[in-house]
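**Q** Be aware that the sequence shown starts at 1, since it is given in full-length UniProt numbering, and climbs by one per residue.
Using N, Cα and C, we set each Cβ at its ideal position, and we do this for glycine too.
What you are looking at is a predicted structure, and each value in this text was computed from that prediction instead of being measured.
This structure is in C-alpha cells; I'll ask about it shortly.
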Amino acid sequence: MLDAAKAVLDTGVGLDEEGVLAVLRCTDEELTEYLAIAHDVRMRWCGPEVEVEGIVSLKTGGCPEDCHFCSQSGLFTSPVRAVWLDIPSLVEAAKQTAATGATEFCIVAAVRGPDQRLMAQLADGVAAIREAVDINIAASLGMLTQEQVDQLSALKIHRYNHNLETARSHFPQVVTTHSWEERWETLRMVRDAGMEVCCGGILGLGETVEQRAEFAVQLQQLDPHEVPLNFLNPRPGTPLAEQPVLDPKDALRAIAAFRLALPRTLLRYAGGREITLGDLGTRDGLLGGVNAVIVGNYLTTLGRSPAEDLALLDELSMPVKALSATL
C-alpha cells in the first residue's frame, strides 16, 4: 500500500478506507515510511506553515449530555463544576493567545447547544475581543439551530468547531443523549453559511482500528477546513476513566493515516498528545503530517508550555502562519 500513499503526494486525492486501514495496521518499519510520505504530502499540499490556536472555556462544566469521555458532563461524578468566564477574563485570554503568535482564538462552551444567554455573552465577548486584539475568533458551542448559525455568521465567527468525535458506527457506545446525525446537521448548516468547518474527534475511545479508518473517511466526505486530532486523556469520574491511553505508535499511525486521507486539510494536534506521545512523539507527528497545534492548556487538562511548542516549530523550521494570511 506504500504505492497508494505515494500516489496521494502526486494527486492530492486522499486514500480510500482500505488504504487508510492499511496505514493503521502497518508494521513499525513501514510506519517510518508512511510518516515520511505523510510529511511530504503535508508540505506539498498545505505548505510548511503551522497554524497556532489557543482555546478558552466561556462556560465550563454542567453539560446535560453524556459524552463518556468528558469531565464536563453534569451526569458524571467528575470534579469539574459549572463556571462562567467573565468578559474581561475572556479578553485577557485572547490577548495571551495572540502574544504566542496564534492566529485563531476559539471560545468554547460545555452545552448541548447555546441558549439566549450564551449567545448574548458570546456577542459581547466577540465585540470586546475585537476592540482589544487582532485575531480570528472561532467558536464551539455544541449543536445549533439555523437561527443560531445565522447569528454566528453575522458576528463574523471565522470558524466553527463541532467534533463528530468518532466513527458513526461507534458513536452510540460513546454518547447516548444525542446522535451522530444531529452533529452532522450542525456542520452542514455551518458550511452552508460560509463559516470554516472545524471537525475532528478523539482517538482511543474503545473504537476498533476498522472504525478508526471509517472515521477518517467520514471526515474526508465532510471535507472540513480543519481536523483536530485528540487522544483520550482518561478523566476521573467519567465512564472512560479506566480506558487505557492509546499506544504512541498507534497514535503516530493515525496521524499518518489521517493526513493521507485528508491531504489538503489543517490537521491539528489537540488534547491528549502530551500523555500519549510525549516530547519525542510530538516531534514525530509534526514530521508526519500535523500542521496545526493548540498551544497552552486545554479545557479541563493541562497542555505543554506555548514556549516549548514554538521553540520546537522553530527548530523544525516550520514557520507560524501569519494572521494576515488567514483573513
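1. Taking a contact to mean a Cβ-Cβ separation below 8 Å, would you say residue 90 touches residue 141 in this structure?
2. Identify every residue that forms a DSSP beta bridge with residue 228.
3. State buried or exposed for residue 314, treating a residue as buried only when at least 16 other CB atoms are found within 10 Å of its CB.
4. Within 10 angstroms of its Cβ, does residue 48 collect 16 or more other Cβ (buried), or is it exposed?
5. Where do the N-terminal and C-terminal ends of the alpha helix (DSSP H) with residue 190 fall, by residue?
6. Would you mind sorting residue 284 into buried or exposed? The rule is 16 or more other CB atoms within 10 Å of its CB.
7. Quick one: complete alpha helix (DSSP H) runs, 4+ long, within the segment 190-223?
8. Touching or not, the segment 221-234 and the segment 251-266, by the rule of three or more beta carbon pairs under 8 Å?
9. Taking the straight line between their C-alpha atoms, what separation do you get for residue 306 and residue 231?
10. For the alpha helix (DSSP H) holding residue 259, just list the boundary residues, first then last.
11. Strictly by DSSP, which residues pair up with residue 50?
12. Inspect the CB distances between the segment 181-201 and the segment 143-151 and report whether three or more fall short of 8 Å.
13. Would the beta-carbon of residue 164 fall within 8 Å of that of residue 204?
14. What span of residues does the beta strand (DSSP E) with residue 293 cover, start to end?
15. Looking at residue 103: is its Cβ nearer than 8 Å to the Cβ of residue 136?
16. Does DSSP put residue 18 in a helix, a strand or coil?
17. Hey, is residue 128's beta-carbon within less than 8 Å of any beta-carbon in chain D?
18. Taking the straight line between their C-alpha atoms, what separation do you get for residue 7 and residue 259?
19. Using 10 angstroms around the beta-carbon of residue 13, count the other beta-carbons present and answer buried if the total reaches 16, otherwise exposed.
20. If we count the other Cβ atoms within 10 Å of its Cβ and call it buried at 16 or more, is residue 280 buried or exposed?
21. In whole angstroms, what separates the C-alpha of residue 94 from that of residue 43?
22. Mind checking who residue 45 pairs with in its DSSP beta bridge?
**A** Reading from the atomic positions:
1. no
2. 268
3. exposed
4. exposed
5. 180-192
6. buried
7. 209-222
8. yes
9. 19 Å
10. 248-261
11. 320
12. yes
13. no
14. 292-294
15. In contact: residue 103 and residue 136 (Cβ atoms closer than 8 Å).
16. Residue state, collapsed to three classes: helix.
17. Among the chains of the structure shown, chain D does not appear; only one protein chain is present.
18. The C-alpha of residue 7 lies about 13 Å from the C-alpha of residue 259.
19. exposed
20. exposed
21. 29 Å
22. The partner list for residue 45 (beta bridge, DSSP) is empty, contrary to what the question assumes.
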